[in-house]
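Here the structure is laid out as structure tokens; the discussion comes afterwards.
What follows is the structure, given as structure tokens:
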């Protein structure tokens, strides 16, 4: 049966591939579940728990989109993707969206023909050193040995940073974060560099986290966000405004606790429009009018998702920093729901 | 007589001496040590050095392993328990991660209440291979062997029972055509028909037949998606399937490569050389990435199936070369002897050439099996969750981030058990099949 599918489809593949991009929402609804690409495991962002349920900050975005479409946050197939397979999986339609802490760059957006639908985490590359080295700034790292993951943008950023500051370094190439932890703890390198969120997560696992410091310098911009295929703007809008709904909900003070109460109607017209008691925003997206209520009741608003997965109450203990609302000095700024 | 003896010697022993113990240096452990460990100065130095190395390694790892903590919910909890038991900073393993994530390491995301299905499938597999592996097992078990592939498939993936039945029907058709067709249309046409008809049936009819039968008599168990399969279950499914399929495929390719028929010869050579000259990881990426571009969006051509096909092709190319080595090692006289007996090609292969060639190839064949089984860990790079993949996933939770050696030691130990068993069986088989006189 599968062979017949293969042969039949090979012949019409070219025809369909061109025309078949505009109905992701229909496909997802017909399938009854969302195929969401995630990492093959990143602390705080996506990982299965002991009972096999996926948890994490990126996973929260997937569940929110599923809730927007189906009203059911569990209608998601999580597809683990590696750094190599993630873009093909999305381009070929194996997954409907990718929420895999992927940095929004020009070439990925334009050349690879994807559409980033927003930024759910502002990351940046940082440095971690043992406290006993007495280093307090990345400017003092001249001549250091640095553990660095090969084949990533972090490698290029590091070279740029040291070259522009006229310093030298000795790279210790490593393949995975787990390997980096072992090498760094074994003293194979003085410095470990990767995204600041990764550094925080790694530091949290050490026997004595206080013996290591994350230096204040952030040497790159790593805006991470969910992405979809070029060409299907209706679907892109759903993912974009689901993320915006999470961000706006925090700004407007809508939480998972009070969302059902506020959905009945409030004094604030923007809350009413967002939660569907006024206007027809859901219908414009092709979704039900209570789509945002479903989105927010899954894991709460952006702030709640952040605190539950990577915030200061978790072992990872990330501060909001750039990821605070614009009203609190951060960069999160949702366009108005109007 | 007694006089002469009395005068010729001053003293004669008249009773036997009791047997004395051999000197301590010539007996037991001391003799063994003198001969094997301290036979020369160099040997003695090497022995002492080796003993020191073994002691050094064990003294650093044995305590770490034996005093390991088995009952904790997270790495930090593990460390608290350790501090309580052995004092701050003691170096002990945290095996609790295995206890906590045992299900995932073994079964992946397979539904917990259905674990009996893959376990039963494994049991059936062992029963099915028993008559192949051992002679003194009831021959009736071959019936189990015949239905085991379909039964195991059905148990693991579930769904309608009629899907595997419909697929199995194809083999029955092929057999029937071969069995009864040769009398009507001749052996060659029957052979071609026995290959073509089942393929046509699978492509065009099998799906409808399966659905039709299911509509008439819906018998089925819960369907489990391939995405849910992971951990050692995945490694065993990929490994066992490709090992079993690659063996006959490898024999056919090896014979094809020796064939005088131009097309068959060249296509076998092409297949073997192309598959063998490209790394397995490239084939896996081809299976997971390249095929996706040819298939229209939304097509569900299972990734696991694609990977199994690629690994099987890869294994059979290697197998073909190993078996060709066995065929080449056979003296020319064996082929000529078969011809002189008037046997046709298949008879001579089946009765004379292959039994000897395969016997010679056993170490190489098992070598390939073991290699393929270990290579299944490469599927982690195409996003399948094999044990290595799960070690990454487990480390990605805040509970177990930072755990490293425990997982790898466990995975290594599991692979060792499987591969060592295969190796031991091959040695047993070699001893059993030995016909030379030593």
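Chains as they are written, first to last, in the working numbering: chain A, 1 to 338; chain B, 1 to 438. Just so it is clear, CB atoms sit at the ideal spot from N, CA and C, and this is done for glycine as well. Remember, it's a predicted structure, so these values are computed and weren't measured experimentally.
With burial defined as no fewer than 16 other Cβ atoms inside 10 Å of the residue's Cβ, what is the status of residue i: buried or exposed?
i: residue 125/A; result: buried
i: residue 16/B; result: exposed
i: residue 294/A; result: buried
i: residue 387/B; result: buried
i: residue 282/B; result: exposed
i: residue 427/B; result: exposed
i: residue 139/A; result: exposed
i: residue 60/B; result: exposed
i: residue 435/B; result: exposed
i: residue 184/A; result: buried
i: residue 333/B; result: exposed
i: residue 212/A; result: buried
i: residue 44/A; result: buried
i: residue 181/A; result: buried
i: residue 241/A; result: buried
i: residue 274/B; result: exposed
i: residue 277/B; result: exposed
List the endpoints of the continuous beta strand (DSSP E) containing residue i.
i: residue 214/B; result: Here residue 214/B belongs to no beta strand (DSSP E); instead the alpha helix (DSSP H) covers 206 to 216.
i: residue 268/B; result: Here residue 268/B belongs to no beta strand (DSSP E); instead the alpha helix (DSSP H) covers 262 to 277.
i: residue 174/A; result: 169 to 174
i: residue 121/A; result: 121 to 123
i: residue 97/A; result: 97 to 103
i: residue 192/A; result: 191 to 195
i: residue 294/A; result: No beta strand (DSSP E) holds residue 294/A; the alpha helix (DSSP H) holding it covers 291 to 299.
i: residue 214/A; result: 212 to 214
i: residue 219/B; result: No beta strand (DSSP E) holds residue 219/B; DSSP gives it neither H nor E.
Please determine, among the options, the residue with the shortest C-alpha to C-alpha distance to residue i.
i: residue 400/B; options: 189/B, 389/B, 70/B, 97/B; result: 97/B
i: residue 339/A; options: 245/A, 284/A, 203/A; result: Since the first residue of chain A shown is 1 and the last is 338, residue 339/A is not available in this structure.
i: residue 341/A; options: 143/A, 238/A, 149/A; result: Because chain A is modelled from 1 through 338, residue 341/A falls outside the range shown and cannot be assessed.
i: residue 49/A; options: 49/B, 105/B, 219/B; result: 105/B
i: residue 167/B; options: 210/B, 176/B, 287/B; result: 210/B
i: residue 64/A; options: 213/A, 226/A, 152/A, 327/A; result: 226/A
i: residue 218/A; options: 158/A, 171/A, 182/A, 44/A; result: 158/A
i: residue 113/B; options: 78/A, 84/A, 324/A, 51/A; result: 51/A
i: residue 133/A; options: 259/A, 215/A, 42/A, 41/A; result: 215/A
i: residue 119/B; options: 205/B, 406/B, 54/B, 234/B; result: 234/B
For residue i, which residues in the same chain have their Cβ closer than 8 Å to its Cβ, ignoring the five residues on either side in sequence?
i: residue 19/B; result: none
i: residue 96/A; result: 24, 27, 28, 34, 35, 36, 228, 235
i: residue 125/B; result: 148, 152, 240
i: residue 357/B; result: 323, 326, 327, 329, 330
i: residue 268/A; result: 252
i: residue 243/B; result: 315, 369, 372, 373
Kindly list the residues whose CB is nearer than 7 Å to the CB of residue i, restricted to its own chain and excluding five residues on each side of it in sequence; keep chain order.
i: residue 319/A; result: 312
i: residue 272/B; result: 253, 257, 317, 320, 321
i: residue 73/A; result: 63, 66, 67, 298
i: residue 115/B; result: 107
Only counting the same chain, and skipping five residues up and downstream in sequence, which positions put a Cβ closer than 6 Å to that of residue i?
i: residue 127/B; result: 144
i: residue 445/B; result: Outside the displayed range of chain B (1 to 438) lies residue 445/B, so it cannot be described from this structure.
i: residue 122/A; result: 223, 322, 323, 331
i: residue 81/B; result: 69, 72
State yes or no: is the C-beta of residue i nearer than 6 Å to some heavy atom of the ligand FAD?
i: residue 51/A; result: Ligands displayed in this structure: none; no statement on the ligand FAD is therefore possible.
Check for me: the alpha helix (DSSP H) holding residue i runs from which residue to which?
i: residue 60/B; result: 41 to 66
i: residue 336/B; result: 332 to 340
i: residue 230/A; result: Neither: residue 230/A is in no alpha helix (DSSP H) and is coded neither H nor E.
i: residue 350/B; result: First-last for residue 350/B: undefined, no H or E at that position.
i: residue 124/B; result: 116 to 133
i: residue 473/B; result: Residue 473/B cannot be examined here, being either before or after the span of chain B that is shown, 1 to 438.
i: residue 309/A; result: 302 to 309
i: residue 174/B; result: 162 to 185
i: residue 323/B; result: 303 to 329
For residue i, return the contacting residues in chain D, with the cut-off set at a CB-CB distance below 9 Å.
i: residue 289/B; result: The structure shown has no chain D; the protein chains it does contain are A and B.
### Query
Going along the region 101 to 128 of chain B in order, which residues come within less than 7 Å of chain A, judged by CB to CB distance?
Here the close residues are 101, 104, 109.
### Query
When you check each C-beta in the region 365 to 392 of chain B against every C-beta of chain A, which residues fall closer than 7 Å?
Within the region 365 to 392 of chain B, 381, 382, 383, 385, 389, 392 place their CB atoms closer than 7 Å to a CB of chain A, listed in sequence order.
### Task
Compile a chain-ordered list of the residues in the region 191 to 218 of chain A whose CB is closer than 8 Å to at least one CB of chain B.
For the region 191 to 218 of chain A, the beta-carbon criterion of a distance under 8 Å to any beta-carbon of chain B is satisfied by 201, 202, 204, 205, 206, 207.
### Query
Name the residues in the region 70 to 100 of chain B whose C-beta lies less than 8 Å from a C-beta of chain A; which are they?
Within the region 70 to 100 of chain B, the residues whose Cβ lies closer than 8 Å to some Cβ of chain A are 75, 76, 79, 89, 100, listed in chain order.
### Task
Name, going along the chain, the residues of the region 395 to 413 of chain B whose beta-carbon falls closer than 7 Å to a beta-carbon of chain A.
Of all residues in the region 395 to 413 of chain B, 395, 396, 397, 398, 401, 402, 404 have a Cβ within less than 7 Å of some Cβ in chain A.
### Task
Using a Cβ-Cβ cut-off of less than 7 Å, give me the residues of the region 48 to 74 of chain A that come near chain B, in sequence order.
Result list: 48, 49, 50, 52.
### Message
Residues of the region 169 to 181 of chain A in Cβ contact with chain B at a cutoff of 9 Å, in chain order, please.
### Response
Against chain B - using a Cβ distance shorter than 9 Å - the residues of the region 169 to 181 of chain A are 176, 177, 178, 179, 181.
#### Entry: Near-chain B residues of the region 269 to 286 of chain A (beta-carbon distance less than 9 Å), N- to C-terminal order
The residues in question: there are none.
#### Entry: Contact list for the region 109 to 135 of chain A against chain B, Cβ threshold 8 Å
Only those residues of the region 109 to 135 of chain A whose C-beta falls short of 8 Å from the nearest C-beta of chain B would be listed, and there are none.
### Message
Taking beta-carbon pairs under 7 Å, can you tell me which members of the region 314 to 330 of chain A lie near chain B?
### Response
From the region 314 to 330 of chain A, only 314, 315, 316 have a Cβ closer than 7 Å to chain B.
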